[in-house]
Amino acid sequence: MRHKQLRAFHTVAVESSFTKAAERLCLTQPALTVQVRNLEKEYGVRLFDRQAHSVELTEQGRTVFELTQQLFSLEGQIKDTLNSNSSELTGQLFMGVDNPFIALPLIAEYQHRFPCVDIELVSGNSRQVWQDLLQERVDLALITEPPEDSRVERIAMNDTHLLVAAPATPEWKAHNRISLKDLKNQPLIRREANSNTQKLVESLSDKLAINLSFKFTLGSRELMKEAVAAGLGIGFVMSGEAGADPRLHFMTLEHAEEIRSDYLLYRRSDRHRKVVSAMLSLLHGRL
C-alpha cells in the first residue's frame, strides 16, 4: 500500500468521479484507475461500485474513506507542526462564499493578522459552495442556511432578510416599502433554480397566492444587479448582499418577515488545522 494509492482512492471518493479526481490530481484517468485497482488487488477488496455514469463507495470503501479523511487531516496538522518554528502563520486557505459582501471584510481582517497565509476565494451559489466544502475543495465556507451535517461545524454570523432591488430612479426612490402585489405587472428577474433567494420569493408568492411573471432568468446575483441597473427589470436580493450601489434602490418587501442566517462552516476533521483554527479564533473575537 502506497501513499499515492490512498490519495488516489480518497480523491475519487471525494469527487465521486474518476474523471474529476484525475483532473484534481493532475493525472491521466488511466493512471489514476491503475492506482486504485492496484490498491484493491493488493488486499483483495472492492472499494467502489463502478457504474456507467457514477461511482459509489462499497461498505468497505466507506470504512476506508472515513480513515483516509482522518489520515489526510492529520497530514495537514503535521505540516502545520513542521511549519510552527516560524513566528508567522503560513500556508494556504481556500474559502468558498455565496456572499462576498459579508466575506470580504472578514478575509481582509484575517489577511491583516496573518499576512503570510495565501487566501484563495471561491465564489458560487450556496449549493455549489456547500458541495465544495464536503468535497474538500475549500477549507471554510460562508453561506446562508446550510443543511445539517454531522461532518460540519457552524458558527452563526448575522441575520438577513429579503429585499426588492429596483433602478435608482425618482419613481422607485419614492418607495421604501413595497408588496408583491405591486410587482405583479413589473418585469421581474428570476435567479437560478438553486438560489436560496429565489426559493424565498417563490415561497412567499405561493403563501400569498400571487402569480409572478418573470421576464429573465439570470445565473448570479451580480448579473441580476447589472440587469436591474440597466433597467431590464426588478430583482430580489438578501439584505446582507445588497451592498452600496448608487444605481440601485432597495425596498423592504411586505410580508417577507422570514429571517435567514449566514454561517461560517468548516469540516469537523479540520478544526485543529492552524489556518482554520486561526479564522475561528478571529471570528470568536468579533462575536
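FYI, the UniProt record's numbering numbers position 9 of the sequence shown as 9, with every residue one higher than the one before it.
Glycine residues also receive a C-beta, built at the ideal position from the N, C-alpha and C atoms.
query, result
"Check whether F250 and A165 have beta carbons under 8 Å apart", "yes"
"Residues bridged to S261 [DSSP beta-bridge criterion]", "D159"
"Residue interval of the beta strand (DSSP E) (run including E192)", "E192 -> no beta strand (DSSP E), and no H or E assigned at all."
"Boundaries of the beta strand (DSSP E) in which T144 is found, first to last residue", "L140 to T144"
"Length of the line joining the Cα atoms of F114 and L218", "37 Å"
"Among I259, M224 and G91, the one whose alpha carbon lies nearest that of R247", "M224"
"C-alpha gap between P105 and T144, whole angstroms", "17 Å"
"Within 8 Å, strictly: CB atoms of S73 and S269", "yes"
"8 Å Cβ cutoff met for L140 and L265", "yes"
"Segments assigned beta strand (DSSP E), at least 3 residues, entirely inside the stretch 28 to 109", "48 to 50, 55 to 57 and 91 to 97"
"Three-state secondary structure assigned by DSSP to G235", "strand"
"N-terminal and C-terminal residue of the beta strand (DSSP E) that M224 is part of", "Run containing M224: none in the beta strand (DSSP E); it sits in the alpha helix (DSSP H), R221 to A229."
"Simplified DSSP assignment, three categories, for Q147", "Note that residue 147 corresponds to Pro in the displayed sequence, not to Gln. In this structure, P147 counts as coil in the three-state DSSP scheme."
"Distance CB(M157)-CB(D262) smaller than 8 Å", "yes"
"Span separating the alpha-carbon of L6 from that of L133", "20 Å"
"E148 to L27 span [Cα, whole Å]", "34 Å"
"Whole-Å CB distance - V55 paired with F18, under 8 Å assumed", "6 Å"
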